[in-house]
Every structure is written in structure tokens, then in C-alpha cells.
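To keep things clear, I will list the structure first and then write my remarks on it.
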Amino acid sequence: MKKRFLLPLLTAACIFAALALSACGEKNLMEGVLEEPEENPLEFWLVDDVASFDFEGYSRRDGMGITGYFGKGYEVETYVDENGKTVRKEPEEYVLYGVTAYPDYVDGGSYVTQIEITDPKISVYGVSCTSTREEFESTFKALGFEINEEGRAIRGKTRAYFRENLLNIYVEIENRTGFAF
């Protein structure tokens, strides 16, 4: 009689444990990350998993440990100059999505971990690259951020900085193994 109840009980416990662990894993990715605004003009948001997204047709900027994809409609011009050298001319106004592994460089995957905005038509939480320093600070303080001595907004894993014609929002990526780029 006890064996009849033991199997369903163990099965239920295993299912509960699996669900709890999968919920914890999802929660850990978003923990400390700025929530996506309700009215978001961007194609992607922080920690969006883009591993299966087809970036064909997107202009690209390669960096050390990061690949940047310009948003749709922001084209990088490529031409050959008079010396035969290939030149890339990035647009002056753009949105660039930085894609890396997350939450640690060794974890793999492809996640949006940085959003760089120089297009004045794009605003996030009412702040654009043409806002004032005061507007940036008051908006991010209202979102629960602290502003450090360098003028960066910090809350959990999310960081943001603002300078003339640039708004940059990103998540910190761990580096448990000390990997150097």
C-alpha cells in the first residue's frame, strides 16, 4: 500500500523540483535588469535571447567579445577610397544592439546586453540622446537608479550613461574565469 503512494509522490516532487529550477534559471537572467518600457520603440530589449534571430540585412559592428547590430533602417556604407582601401561609414544617428554571452562570458548564448542610441527620435523612458543631463538623472533616479560620481546610472546589473548625443544602456556581464579580451 505504501509503495502505491510513494511513486506518485516522488513523481510529483520531481516535477515540482524541475519547475522550480527552471523558474529560478529564468529569474536569474532578469534579476537586476531594467524592465522593458511599456511603450518601447526598440526592436530588442536588454537580455533578449537573440540566438535564433536572423540578423540578415542588419549592418554589423564587430568588437572584442561583442557583436553590434544596427537597428533596421540604419545602414553602414562601405566604399573603396582613392587609395584602394575599403572604408566603412557608420550612420551618425542610429540604434546599435550589442550581443554577447550572458550572464557570464563563458556561458555562451547570444543576448542583447547593450543598447546604444544616437538617434534623437528614439527615447527610452522619455530620455533621448538630446535630453539634458538633469532629465537623464531625474528619470533614472525615479526608476530606482543611483547616479555615481562619473554620472553613470546604476541599479542591479543595469548601467546607463548619457553624454551629448549618446544614450547607452547595458547590463554588466560577469567574468568568473577572468577571461581577458
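Mind the numbering: the sequence shown is residues 185 to 365 in the numbering used here, read in order.
Beta carbons: idealized from backbone N, C-alpha and C, even for Gly.
Run through DSSP, which three-state label would residue i get?
{"i": "D303", "result": "coil"}
{"i": "A285", "result": "coil"}
{"i": "D238", "result": "coil"}
{"i": "D233", "result": "strand"}
{"i": "V271", "result": "strand"}
{"i": "L280", "result": "strand"}
{"i": "D291", "result": "helix"}
{"i": "S243", "result": "coil"}
{"i": "M248", "result": "coil"}
What do you reckon, are the CB atoms on residue i and residue j nearer than 9 Å?
{"i": "G293", "j": "D233", "result": "yes"}
{"i": "S243", "j": "F254", "result": "yes"}
{"i": "V311", "j": "F346", "result": "yes"}
{"i": "V296", "j": "F228", "result": "yes"}
{"i": "I301", "j": "I353", "result": "yes"}
{"i": "G335", "j": "E348", "result": "no"}
Kindly indicate which residue of the options has the alpha-carbon position closest to the one of residue i.
{"i": "M214", "options": "S307, E277, P287", "result": "P287"}
{"i": "A217", "options": "L327, F320, V279", "result": "What sits at residue 217 in the sequence shown is Val, not Ala. Here the closest residue by C-alpha is L327."}
{"i": "T342", "options": "L350, F329, N349, E333", "result": "F329"}
{"i": "V337", "options": "T297, V279, F324", "result": "Checking the displayed sequence, the identity of residue 337 turns out to be Ala instead of Val. A337 has its Cα closest to that of F324, out of T297, V279, F324."}
{"i": "K256", "options": "E319, G241, I301", "result": "G241"}
{"i": "T270", "options": "E276, T262, E277", "result": "T262"}
{"i": "L350", "options": "G249, Q298, N267, N224", "result": "Q298"}
{"i": "Y258", "options": "R339, F320, T314, K305", "result": "K305"}
{"i": "C313", "options": "V279, M248, E266", "result": "V279"}
Roughly how many angstroms separate the alpha carbons of residue i and residue j, rounded to a whole number?
{"i": "Y309", "j": "D303", "result": "15 Å"}
{"i": "A285", "j": "T361", "result": "14 Å"}
{"i": "L226", "j": "V260", "result": "19 Å"}
{"i": "D246", "j": "V355", "result": "18 Å"}
{"i": "S307", "j": "V231", "result": "19 Å"}
{"i": "V264", "j": "K273", "result": "11 Å"}
{"i": "T316", "j": "N332", "result": "17 Å"}
{"i": "E277", "j": "A344", "result": "19 Å"}
{"i": "I357", "j": "G252", "result": "16 Å"}
{"i": "E318", "j": "E222", "result": "23 Å"}
{"i": "N359", "j": "R339", "result": "19 Å"}
{"i": "E266", "j": "N224", "result": "42 Å"}
{"i": "E268", "j": "P275", "result": "The amino acid at residue 268 is misidentified as Glu; the sequence shows Gly. Taking the straight line joining both Cα atoms gives about 22 Å."}
Is the shortest distance between the beta-carbon of residue i and the beta-carbons of chain D less than 9 Å?
{"i": "G247", "result": "Absence of chain D from the displayed structure is noted, only one protein chain being present."}
- Message: Suppose only complete runs of 3+ residues qualify. What are the beta strand (DSSP E) ranges in the region 319-362, listed by chain order?
- Response: The region 319-362 contains these whole beta strand (DSSP E) runs: 337-339, 342-347, 350-355.
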